[in-house]
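Working notes, structure below.
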Amino acid sequence: MQMTTINDRTVQFDNAEEIQIFCNGKEHTLAPGQAIFFEDETSYEILFNPVAGNQAERFSISVTGWQKCTDDGFLVVGIADQLAEFRNQVITAKNAEAEAIALHLITPGFYKSMIYDEKYRQAMAYKADDKAEVSLLASEAEIDGMTVSEKVDQVIAKRDAFEAAGIAMNDALTYLKKDLDAAKTIEEIRVVKNAFAWPEGLPSLAG
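With my numbering as the guide, the letters of the sequence shown map in order to residues 823 to 1029.
The following block contains the structure:
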C-alpha cells in the first residue's frame, strides 16, 4: 500500500477498493483514495471523502511513525498486515478467555502452584504406598474433616480435571490458529472467529 503526502499533515492512500484498518483494537473502513489528516502530535483525523466535506472521525495516534497507534493497537493498511493484525486480535482475545476459564479451576500464583504440585506429589506417593509421608495432605484433611484417603482422591480428581481442561483448551486454540492461518480474507477470519466455541464441560466464563 502506497501513500502520497498532500501537505505536511495530510496523506492519501492509493487503495482502489475499500479496505479495513485497525486502530486501538477497533476495525475501521478506509474508502478508496481517502486522505488522513494529522491534527497534531498526538492525534489525527480520518477524512471520509474530504473533498465532499464529509464529517471526520478522530482516533488517537502518534505522528512520529504514523503506523504506530497508542498502547492498545496498531494502524495497519497493507492487506497482509491487516490479516495478521486481525488474527492476532482473535488469538489474544481467546487466550484471555482461556486464562479466565483456568481461574475457575486453580488459584493463580507461584506459591499456590508449588502447594498444588506438592499436594499432588504426596497424593501420588500415598497411592503407591499408604505409609508414605503426606504431612501436607494429612494436615489439610484434618482441617476439612476428611480422611487422608479422601483428601488424596480429592486432590487427584482436581488435578485430573485441570489437566483435562488444559488439554481441551490447548487443542481448541491450536485448531483455531490453524483455521486462522488458512483464512485468506478479513471475512474468512470473521467466519472462523464467530464459529469458534470452547469444548463442552469447561467452566463457564460467566460463572
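For each residue, glycine too, the CB sits at the ideal point set by N, CA and C. Predicted model only: the values in this text are computed from it and were never measured.
Continuous alpha helix (DSSP H) stretch holding residue i: start and end
{"i": "residue 952", "result": "It is not in any alpha helix (DSSP H) - residue 952 carries neither H nor E in the DSSP assignment."}
{"i": "residue 1000", "result": "970-1004"}
{"i": "residue 1008", "result": "1008-1017"}
{"i": "residue 965", "result": "957-966"}
Cβ-based neighbour list, residue i, same chain, cut-off 6 angstroms, excluding 5 preceding and 5 following
{"i": "residue 978", "result": "945"}
{"i": "residue 1006", "result": "none"}
{"i": "residue 1000", "result": "none"}
Candidates the options, of which the one nearest residue i by Cα
{"i": "residue 989", "options": "915, 932, 923 and 947", "result": "923"}
{"i": "residue 908", "options": "1023, 1010 and 953", "result": "1010"}
{"i": "residue 956", "options": "1003, 1014 and 940", "result": "940"}
{"i": "residue 905", "options": "1020, 1016 and 1012", "result": "1012"}
{"i": "residue 981", "options": "910, 938, 934 and 851", "result": "938"}
{"i": "residue 928", "options": "1023, 952, 853 and 985", "result": "985"}
{"i": "residue 851", "options": "1016, 1008 and 1004", "result": "1008"}
8 angstroms contact criterion, which residue i and residue j should meet: CB distance rounded
{"i": "residue 972", "j": "residue 963", "result": "7 angstroms"}
{"i": "residue 912", "j": "residue 1002", "result": "6 angstroms"}
{"i": "residue 1025", "j": "residue 926", "result": "4 angstroms"}
{"i": "residue 920", "j": "residue 991", "result": "5 angstroms"}
Residues of its chain near residue i, where Cβ-Cβ distance is below 8 angstroms and the 5 sequence neighbours each way are ignored
{"i": "residue 954", "result": "944, 947 and 948"}
{"i": "residue 998", "result": "912, 913, 916, 1014 and 1018"}
{"i": "residue 942", "result": "977, 978 and 981"}
Chain-order list of residues whose beta-carbon lies under 7 angstroms from that of residue i (same chain, five-residue window excluded)
{"i": "residue 974", "result": "945, 948, 949 and 959"}
{"i": "residue 969", "result": "963"}
{"i": "residue 935", "result": "none"}
Chain B within 8 angstroms of residue i, Cβ atoms only
{"i": "residue 968", "result": "Structure shown: chain B not included; a single protein chain is present."}
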